[in-house]
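Here full-length UniProt numbering is used: position 89 in the sequence shown is 89, and no number is missing along the way. Just below is one structure, and these are the notes that go with it.
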Amino acid sequence: IEDVGEDIYRIDRMITHLKIAGILDKLSGFIFGECTNCLPDGGYASLSLEQVLNDHIKPLGIPAWIGAQIGHIEPVLTFPIGVEVEINANTGTINYLESGVI
1 IEDVGEDIYR
11 IDRMITHLKI
21 AGILDKLSGF
31 IFGECTNCLP
41 DGGYASLSLE
51 QVLNDHIKPL
61 GIPAWIGAQI
71 GHIEPVLTFP
81 IGVEVEINAN
91 TGTINYLESG
101 VI
């Protein structure tokens, strides 16, 4: 997951939709890329992006990497959907276990 210029509350809402739909329960790992210009709106009780992601992802007990150099940043790295990968959140590496077709 990655985004550009989204308000934090909108990212929270998007991930909440995935949670309600049961998608988060199917994850074996989670990678969140850079979120350029994604800042709290400054209102009362605004959460940071890290707080929102921790609230949703940490309870899953899966490897999670927040801040991966993917998405709308240079160099643009594209991840194929549905490809099995091995994530090492400690070293920040991703190993593709199968090839993808883009």
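Ideal Cβ placement from N, Cα and C applies to all residues, glycine included.
Cross-strand partners of residue 64 (DSSP beta bridge): The count along the sequence shown starts at 1 and reaches residue 64 at position 64. Per DSSP, 30.
Can you tell me which of 98, 92, 68, 47 puts its alpha carbon nearest to the alpha carbon of residue 85? Here the question's residue 85 lines up with position 85 in the sequence shown. Here the closest residue by C-alpha is 98.
When DSSP labels each residue in this structure, what does residue 54 get in the three-state scheme? In the sequence shown, counting from the first residue as 1, residue 54 sits at position 54. Helix at residue 54.
Helix, strand or coil: which one does DSSP assign to residue 78? Start at 1 with the first residue of the sequence shown, and residue 78 comes out as number 78. In this structure, residue 78 counts as coil in the three-state DSSP scheme.
Contact check, residue 72 vs residue 16 under 8 Å by CB: the rounded distance? Counted from its first residue, the sequence shown places residue 72 at position 72. Counted from its first residue, the sequence shown places residue 16 at position 16. Between residue 16 and residue 72 the Cβ distance is about 23 Å, and since that is not below 8 Å, they are no contact.
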